[in-house]
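Participant: Respectively, the protein sequence lines represent chains G and W. Residue numbers are given in the numbering used here: position 367 of the first sequence equals residue 367, and the series is strictly consecutive. Position in the second sequence counted from 1, then plus 452, gives you the numbering used here. Positions of the beta carbon are idealized from the N, C-alpha and C atoms, including for glycine. Once you've had a glance at the structure underneath, I'll fire off some questions.
There are 2 protein chains.
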Amino acid sequence: MILPRPVSFAGGGGEVGFDGAVHVSRVGGPAEGYRLSITRDGVRIRASDDAGEFYARQTLRQLSGPAAFRAVPPDRVVLPVCEVEDHPRFGWRGVMLDVARHFLPKPDLLRYVDLLAAHKLNVLHLHLTDDQGWRFESLRFPRLHEVGGWRADSRFGDRRSGGMAGRPHGGYYTQDDLREVVAYAARRHIAVVPEIDVPGHSQAAVAAYPHLGAHGGGVWTDWGVNPNVLRPDESTVDFYRQVFDEVLDVFPGEVIGLGGDEAEGGAAEGGDGWFVRRIAQHLHQRGRRPFGWDEVLDAGPLPTRTVIASWRGEDPGLTASERGHDVVMCPEEHLYLDYRQSDDPREPVPVGTVTTLEDVYRYEPPDWVLGAQANVWTEHLDSPRRLDYAAFPRLSAFAEVVWSPAGRDVAEFRTRLAEHHLPRLDALGVEYRPLDGPRPWQELPGVPGFPR
Amino acid sequence: MILPRPVSFAGGGGEVGFDGAVHVSRVGGPAEGYRLSITRDGVRIRASDDAGEFYARQTLRQLSGPAAFRAVPPDRVVLPVCEVEDHPRFGWRGVMLDVARHFLPKPDLLRYVDLLAAHKLNVLHLHLTDDQGWRFESLRFPRLHEVGGWRADSRFGDRRSGGMAGRPHGGYYTQDDLREVVAYAARRHIAVVPEIDVPGHSQAAVAAYPHLGAHGGGVWTDWGVNPNVLRPDESTVDFYRQVFDEVLDVFPGEVIGLGGDEAEGGAAEGGDGWFVRRIAQHLHQRGRRPFGWDEVLDAGPLPTRTVIASWRGEDPGLTASERGHDVVMCPEEHLYLDYRQSDDPREPVPVGTVTTLEDVYRYEPPDWVLGAQANVWTEHLDSPRRLDYAAFPRLSAFAEVVWSPAGRDVAEFRTRLAEHHLPRLDALGVEYRPLDGPRPWQELPGVPGFPR
Numbered sequence: 001m002i003l004p005r006p007v008s009f010a011g012g013g014g015e016v017g018f019d020g021a022v023h024v025s026r027v028g029g030p031a032e033g034y035r036l037s038i039t040r041d042g043v044r045i046r047a048s049d050d051a052g053e054f055y056a057r058q059t060l061r062q063l064s065g066p067a068a069f070r071a072v073p074p075d076r077v078v079l080p081v082c083e084v085e086d087h088p089r090f091g092w093r094g095v096m097l098d099v100a101r102h103f104l105p106k107p108d109l110l111r112y113v114d115l116l117a118a119h120k121l122n123v124l125h126l127h128l129t130d131d132q133g134w135r136f137e138s139l140r141f142p143r144l145h146e147v148g149g150w151r152a153d154s155r156f157g158d159r160r161s162g163g164m165a166g167r168p169h170g171g172y173y174t175q176d177d178l179r180e181v182v183a184y185a186a187r188r189h190i191a192v193v194p195e196i197d198v199p200g201h202s203q204a205a206v207a208a209y210p211h212l213g214a215h216g217g218g219v220w221t222d223w224g225v226n227p228n229v230l231r232p233d234e235s236t237v238d239f240y241r242q243v244f245d246e247v248l249d250v251f252p253g254e255v256i257g258l259g260g261d262e263a264e265g266g267a268a269e270g271g272d273g274w275f276v277r278r279i280a281q282h283l284h285q286r287g288r289r290p291f292g293w294d295e296v297l298d299a300g301p302l303p304t305r306t307v308i309a310s311w312r313g314e315d316p317g318l319t320a321s322e323r324g325h326d327v328v329m330c331p332e333e334h335l336y337l338d339y340r341q342s343d344d345p346r347e348p349v350p351v352g353t354v355t356t357l358e359d360v361y362r363y364e365p366p367d368w369v370l371g372a373q374a375n376v377w378t379e380h381l382d383s384p385r386r387l388d389y390a391a392f393p394r395l396s397a398f399a400e401v402v403w404s405p406a407g408r409d410v411a412e413f414r415t416r417l418a419e420h421h422l423p424r425l426d427a428l429g430v431e432y433r434p435l436d437g438p439r440p441w442q443e444l445p446g447v448p449g450f451p452r
Numbered sequence: 453m454i455l456p457r458p459v460s461f462a463g464g465g466g467e468v469g470f471d472g473a474v475h476v477s478r479v480g481g482p483a484e485g486y487r488l489s490i491t492r493d494g495v496r497i498r499a500s501d502d503a504g505e506f507y508a509r510q511t512l513r514q515l516s517g518p519a520a521f522r523a524v525p526p527d528r529v530v531l532p533v534c535e536v537e538d539h540p541r542f543g544w545r546g547v548m549l550d551v552a553r554h555f556l557p558k559p560d561l562l563r564y565v566d567l568l569a570a571h572k573l574n575v576l577h578l579h580l581t582d583d584q585g586w587r588f589e590s591l592r593f594p595r596l597h598e599v600g601g602w603r604a605d606s607r608f609g610d611r612r613s614g615g616m617a618g619r620p621h622g623g624y625y626t627q628d629d630l631r632e633v634v635a636y637a638a639r640r641h642i643a644v645v646p647e648i649d650v651p652g653h654s655q656a657a658v659a660a661y662p663h664l665g666a667h668g669g670g671v672w673t674d675w676g677v678n679p680n681v682l683r684p685d686e687s688t689v690d691f692y693r694q695v696f697d698e699v700l701d702v703f704p705g706e707v708i709g710l711g712g713d714e715a716e717g718g719a720a721e722g723g724d725g726w727f728v729r730r731i732a733q734h735l736h737q738r739g740r741r742p743f744g745w746d747e748v749l750d751a752g753p754l755p756t757r758t759v760i761a762s763w764r765g766e767d768p769g770l771t772a773s774e775r776g777h778d779v780v781m782c783p784e785e786h787l788y789l790d791y792r793q794s795d796d797p798r799e800p801v802p803v804g805t806v807t808t809l810e811d812v813y814r815y816e817p818p819d820w821v822l823g824a825q826a827n828v829w830t831e832h833l834d835s836p837r838r839l840d841y842a843a844f845p846r847l848s849a850f851a852e853v854v855w856s857p858a859g860r861d862v863a864e865f866r867t868r869l870a871e872h873h874l875p876r877l878d879a880l881g882v883e884y885r886p887l888d889g890p891r892p893w894q895e896l897p898g899v900p901g902f903p904r
């Protein structure tokens with residue numbers, strides 16, 4: 001009944017009442033690991049570290065029944081007598097949330113931290129900037145969030161045939177908001193990885209400070225790959241060094257994202273690759289690890305400590321590894337959770353390839369990677385409700401991909417999900433996609449997608 | 453700096469560090485009252501009752517600074533040395549949320565419970581059903597939430613000139629969800645008052661069970677007063693008795709709303725008033741207090757224990773009181789928070805009369821009422837973000853209207869709000885209307901309202 005499936009579970013000894021008392025101790029063992037013993041004598045956690053204890057408590061909550069996931073959980077529950085031994089397969093178990101295309105208000109972002117923790121995920125990658133919006137408060141350059149933080153309208157559906165939504169959209173996080181998210185996540189053993197995307201996907205910044213761009217233009221109201229990138233010169237590098245220094249001040253974690261996706265190559269001086277290299281060097285000099293989408297492999301030599309997110313399949317990850325980089329796998333054909341969940345015509349705004357629950361579940365990362373992450377792009381997810389629909393239950397499947405031992409059984413997972421885990425999501429108020437397709441109000445008839 | 457303003461505050465003795473240790477005792481005093489003493493010897497609460505202690509802790513949190521309202525509050529803060537004596541002016545300090553016109557997902561509803569508690573409000577009136585949606589899970593009549601729980605589209609803006617939103621809308625609360633909300637609210641000393649609106653505003657129910665209505669039709673996609681009301685006959689009364697029995701099973705509180713607004717009169721047998729009387733009698737027989745909008749005064753004799761919500765000004769409340777009813781004031785010209793907040797042309801979907809922050813603040817309920825409530829209708833508030841905009845900071849002003857002693861000073865309030873309370877709302881992630889008008893992304897240019 002536990003999700004993600006633990007390394008081992010031995011039950012069958014009946015049930016025992018539980019009022020919350022737990023005996024906790026630290027023992028040697030694999031990082032983030034724990035042993036949970038539920039006997040007639042009580043509940044005992046032996047954890048390798050703080051994270052292991054935290055995950056043991058998550059398991060205990062799952063064993064307590066769905067009501068344990070409500071805002072007022074029961075005082076007393078019945079637990080199965082059992083012995084659980086557990087630790088994660090990968091150290092990077094991530095989710096990227098695109099809060100740039102559609103802003104996710106802070107209370108909803110905190111809720112997602114809770115949802116990640118309940119799934120034993122431990123990295124929250126925040127895509128904070130893009131052509132369509134800048135979500136990071138800058139004290140040095142306030143027009144970034146004041147001007148770049150909103151757009152006048154949005155395409156509603158695919159760019160080739162969709163109309164406009166007819167409403168402005170915007171929002172940004174203050175630095176205090178983000179410090180709060182970092183602290184809240186840290187208590188749940190989740191590292192927050194910010195991303196300021198350069199040199200492409202930057203029109204919101206250019207709208208705020210036109211000298212940053214080769215061409216002008218407002219915050220983009222359309223979707224797709226925008227050819228208007230940052231002007232790759234020293235003054236722009238200097239500007240972004242200052243922006244990143246503000247980011248580093250808010251995010252104490254080791255890994256800092258610089259994007260680098262979907263811009264032209266140009267590794268020579270004054271090219272886009274040159275720009276990426278300069279920013280990566282700056283982060284490296286500040287003692288952090290740059291983190292970029294796999295296009296940055298074309299930028300020329302990067303600090304070896306740079307982490308590569310391999311999204312165009314696994315091949316770029318292999319190349320990166322050969323060059324000595326750590327790799328996070330996020331191949332789009334398995335782990336892009338904005339892609340349509342089925343070929344059911346009722347699927348709202350169907351884009352990308354069909355990526356079913358099973359497609360996510362069947363993804364098998366190679367053992368030599370840091371880990372993997374699911375990416376949730378939000379062009380077509382304009383509210384927390386739509387985000388829930390796209391993310392769940394596929395994110396539950398992903399959690400098992402990165403936590404549980406290899407050799408998983410799709411049918412067994414599906415049964416466990418339906419019988420035990422979806423009721424937990426119901427209790428949490430997660431508006432996931434039902435296994436048999438969308439609820440009527442989750443459809444968006446007439447809003448065009450662009451299925452591949 | 454405290455909001456709502458307490459009965460008395462004596463400060464000026466410097467500051468003292470605080471690590472969370474509080475000495476609490478019970479003393480005699482007015483209901484929900486407390487005395488909070490912050491001295492160099494420590495923090496002491498003397499409360500009349502549990503609610504009084506809870507409110508003392510809310511005051512303490514306010515004195516701790518805005519960061520105390522974040523999800524990870526500081527461990528240690530500095531408090532002013534002071535003595536606060538406090539109790540509420542009225543026993544019914546309510547907010548009505550219309551979750552029928554636009555569904556408010558459960559996590560957001562729980563967040564509103566927290567926001568009410570932070571303002572020392574103690575009644576959450578949930579308008580659970582209307583022409584445009586049925587939000588209460590019925591085990592006996594599941595088509596109520598399955599069919600009545602969503603609509604194919606919604607008017608976007610005023611019905612006379614607005615287009616359609618082009619997307620379906622829906623959602624409902626399970627009975628377990630609502631029990632959770634009730635329990636969560638109870639821990640915060642908030643009573644939840646459910647409302648099933650009869651015999652008008654019932655087209656969602658008619659869509660689910662056509663025999664309930666004089667005419668057929670689907671869940672309504674428009675706004676306004678719908679002439680299609682319930683068929684006032686014995687079989688419909690019997691159906692609704694069963695529905696209300698389910699409601700009573702979920703909501704243990706004394707007061708249960710039956711609506712009764714904006715339907716034709718007809719107190720004779722088989723008229724709308726007759727229908728209201730029959731439902732009121734049923735609730736009375738079940739030991740509850742019926743609660744209706746002031747139109748129910750035309751229904752003929754109701755149980756004296758019926759509580760009347762006076763929304764068409766205060767006169768209906770006066771009439772109700774003369775007939776022996778308890779009254780909750782919610783005159784639309786002061787307390788309808790969907791009405792436009794200014795005559796600024798940037799105000800999104802301007803409807804109703806101008807109801808500024810000061811208009812709310814200046815409302816003075818007569819001393820003989822149970823209390824008052826602010827009503828937040830949601831035809832034009834289609835997301836929690838828009839709800840925040842409409843509700844705040846006017847709800848902060850309302851909290852002071854019902855809690856604080858009469859004789860309030862608007863200028864002093866406005867300064868206290870701006871300097872001390874808005875930073876708390878910022879920390880809570882409330883997207884309130886800034887005092888100088890909407891942020892660009894809070895506007896809805898081109899979406900028509902209908903200002904009065």
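1) For E883(W), which residues in chain G fall below 9 Å Cβ to Cβ?
2) Here's the rule I'm using: 16 or more other beta-carbon atoms within 10 Å means buried, otherwise exposed. How should P199(G) be labelled?
3) Looking only at C-alpha atoms, which of A10(G), L116(G), T355(G) and D158(G) sits nearest to H334(G)?
4) Between which two residues does the beta strand (DSSP E) containing L576(W) stretch?
5) Work out the CA separation of D713(W) and E749(W) for me, nearest whole Å.
6) Could you please tell me which residues of the stretch 822 to 835 of chain W, in chain order, have their CB closer than 7 Å to any CB of chain G?
7) Just to confirm, are A849(W) and V780(W) a CB contact at a threshold of 9 Å?
8) What does a CB cutoff of less than 6 Å around G466(W) pick up in its chain, not counting 5 residues either side in sequence?
9) Any idea which residues DSSP pairs G292(G) with across the strands?
10) Determine which residues of the stretch 110 to 124 of chain G have a Cβ less than 7 Å from any Cβ of chain W, and write them out in chain order.
11) Determine which residues of the stretch 715 to 747 of chain W have a Cβ less than 8 Å from any Cβ of chain G, and write them out in chain order.
12) Give the C-beta separation of A843(W) and V828(W) to the nearest angstrom, bearing in mind that I take them to be a contact with Cβ-Cβ under 8 Å.
13) Under three-state DSSP, which class holds R101(G)?
14) Can you tell me whether E799(W) is helix, strand or coil according to DSSP?
15) Note the first and the last residue of the continuous beta strand (DSSP E) segment covering S25(G).
16) When you compare each of V728(W), L455(W), A719(W) and E883(W) to T688(W) by their alpha carbons, which one comes out closest?
17) Count the other CB atoms, across all protein chains shown, that sit within 10 Å of the CB of E864(W); report buried if there are 16 or more and exposed otherwise.
18) Does DSSP classify Y339(G) as helix, strand or coil?
19) With a threshold of 9 Å between beta-carbons, can V206(G) be considered close to chain W, or not?
20) Given a cut-off of 9 Å on the beta-carbon distance, is the pair Q442(G) and R452(G) in contact?
21) In its own chain, which residues sit with a C-beta less than 8 Å from the C-beta of G352(G), not counting the 5 before and 5 after it?
22) With DSSP as the reference, please indicate the residues paired to T491(W) in a beta bridge.
23) I'd like to know whether the C-beta of F156(G) is nearer than 9 Å to at least one C-beta of chain W.
24) Tell me, please, which residues DSSP counts as bridged to G166(G).
25) Is it the case that the Cβ atoms of G711(W) and A751(W) are separated by a distance below 9 Å?
26) Verify the CB distance criterion: does W544(W) have a CB-CB separation below 9 Å to chain G?
27) Alpha carbon to alpha carbon, what distance is there between S762(W) and L630(W)?
28) Cβ of A427(G) versus every heavy atom of the ligand NAD: is any distance shorter than 8 Å?
29) Of all the beta strand (DSSP E) runs that stay within the bounds of the stretch 628 to 696 of chain W, which reach a length of 3 or more residues?
30) Compare the beta carbon distance of G324(G) and D294(G) with 9 Å and say whether it is the shorter of the two.
31) So, is the C-beta of T174(G) closer than 9 Å to a C-beta in chain W?
32) Pick out whichever of G313(G), P345(G), D344(G) and E254(G) has its Cα sitting closest to the Cα of E364(G).
33) Residues of chain G with a CB under 8 Å from the CB of V524(W): which are they?
34) Would you call the stretch 461 to 481 of chain W and the stretch 527 to 546 of chain W in contact, with 3 or more CB pairs under 8 Å?
35) Using DSSP bridges, identify the partner residues of R151(G).
36) Output yes or no for whether 9 Å exceeds the beta carbon distance between A374(G) and P4(G).
Facilitator: Put simply:
1) Taking the first residue of the second sequence as 1, we reach residue 883(W) at position 431. Under a criterion of Cβ atoms nearer than 9 Å, the residues of chain G adjacent to E883(W) are, in order, P105 and G171.
2) The residue labelled residue 199(G) in the question sits at position 199 within the first sequence. The residue in question, P199(G), is buried, as its Cβ has 16 or more Cβ neighbours within 10 Å.
3) Residue 334(G) sits at position 334 when you count from the first residue of the first sequence. Ranked by how close their Cα comes to the Cα of H334(G), the residues A10(G), L116(G), T355(G) and D158(G) have T355(G) in first place.
4) Position 124 of the second sequence, counted from the first residue, corresponds to residue 576(W). Judged by DSSP secondary structure, L576(W) falls within the beta strand (DSSP E) whose first and last residues are V575 to H579.
5) Counting from 1 along the second sequence, the entry for residue 749(W) is found at position 297. Counting from 1 along the second sequence, the entry for residue 713(W) is found at position 261. Looking at the sequence provided, one finds Leu at residue 749(W) rather than Glu. When rounded, the distance between both Cα atoms is 10 Å.
6) Listed by position, the residues of the stretch 822 to 835 of chain W near chain G (Cβ gap below 7 Å) are S835.
7) One-based indexing of the second sequence puts residue 849(W) at position 397. One-based indexing of the second sequence puts residue 780(W) at position 328. Contact check for A849(W) against V780(W) fails: the beta carbons are separated by 9 Å or more.
8) Translated into the one-based positions of the second sequence, residue 466(W) becomes position 14. Contacts found: V533.
9) If you number the first sequence from 1, residue 292(G) lands on position 292. Paired residue(s): G259(G) and I308(G).
10) For the stretch 110 to 124 of chain G, the set of positions with a beta-carbon nearer than 7 Å to some beta-carbon of chain W reads L110 and R111 in chain order.
11) For the stretch 715 to 747 of chain W, there are no residues whose beta carbon sits under 8 Å from a beta carbon of chain G.
12) Reading the second sequence from its first residue, position 391 is the one you call residue 843(W). Reading the second sequence from its first residue, position 376 is the one you call residue 828(W). Yes, A843(W) and V828(W) are in contact; Cβ-Cβ is about 6 Å, under 8 Å.
13) Translated into positions along the first sequence, residue 101(G) becomes position 101. In the three-state reduction of the DSSP assignment, R101(G) falls in the coil class.
14) Translated into positions along the second sequence, residue 799(W) becomes position 347. Of the three classes helix, strand and coil, the one that applies to E799(W) here is coil, per DSSP.
15) As a working mapping, residue 25(G) is identified with position 25 in the first sequence. That run of the beta strand (DSSP E) goes V22 to R26.
16) Along the second sequence, read from residue 1 onward, the residue named residue 688(W) stands at position 236. Ranking V728(W), L455(W), A719(W) and E883(W) by Cα distance to T688(W) puts V728(W) first.
17) Position 412 of the second sequence, counted from the first residue, corresponds to residue 864(W). Looking at its Cβ environment, which holds fewer than 16 other Cβ atoms inside 10 Å, E864(W) is exposed.
18) As a working mapping, residue 339(G) is identified with position 339 in the first sequence. In the three-state reduction of the DSSP assignment, Y339(G) falls in the coil class.
19) For the purposes of this step, residue 206(G) is identified with residue 206 of the first sequence, where counting begins at 1. Chain W contact via Cβ: absent.
20) Looking up residue 442(G) in the first sequence gives position 442. Looking up residue 452(G) in the first sequence gives position 452. Contact: no.
21) To locate residue 352(G), count along the first sequence from 1; it is residue 352. Annotation for G352(G): E332, Y336, D338, Y339, R340, P451 and R452 place their beta carbon closer than 8 Å to its own, counting only its chain and skipping 5 residues before and after.
22) Counted from its first residue, the second sequence places residue 491(W) at position 39. DSSP output for T491(W) lists G494(W) as bridge partner(s).
23) Along the first sequence, read from residue 1 onward, the residue named residue 156(G) stands at position 156. Flagged as an interface residue toward chain W: F156(G), by a C-beta distance shorter than 9 Å.
24) Here residue 166(G) is taken as the residue at index 166 of the first sequence, counted from 1. Paired residues: none, contrary to the question.
25) Translated into positions along the second sequence, residue 711(W) becomes position 259. Translated into positions along the second sequence, residue 751(W) becomes position 299. Between G711(W) and A751(W), the CB-CB gap reaches or exceeds 9 Å.
26) Here residue 544(W) is taken as the residue at index 92 of the second sequence, counted from 1. With respect to chain G, the C-beta atom of W544(W) has no partner C-beta closer than 9 Å.
27) Along the second sequence, one-based indexing puts residue 630(W) at 178. Along the second sequence, one-based indexing puts residue 762(W) at 310. If I take the Cα positions, the gap works out to 26 Å.
28) Annotation note on the ligand NAD: not contained in the displayed structure, which lists no ligands.
29) Correct list: 643 to 650.
30) Taking the first sequence and counting its residues from 1, one reaches residue 324(G) at position 324. Taking the first sequence and counting its residues from 1, one reaches residue 294(G) at position 294. No.
31) To locate residue 174(G), count along the first sequence from 1; it is residue 174. True, the Cβ-Cβ gap to chain W drops below 9 Å.
32) Your numbering for residue 364(G) matches position 364 in the first sequence. Measuring from the Cα of E364(G), the nearest candidate turns out to be G313(G).
33) Within the second sequence, the letter at position 72 stands for residue 524(W). Result: E180, A183, Y184 and R187.
34) Short answer: they touch.
35) Sequence index remark: in the first sequence, residue 151(G) carries index 151 (1-based). Looking at the DSSP assignment, R151(G) forms a beta bridge with H169(G).
36) To locate residue 374(G), count along the first sequence from 1; it is residue 374. To locate residue 4(G), count along the first sequence from 1; it is residue 4. No.
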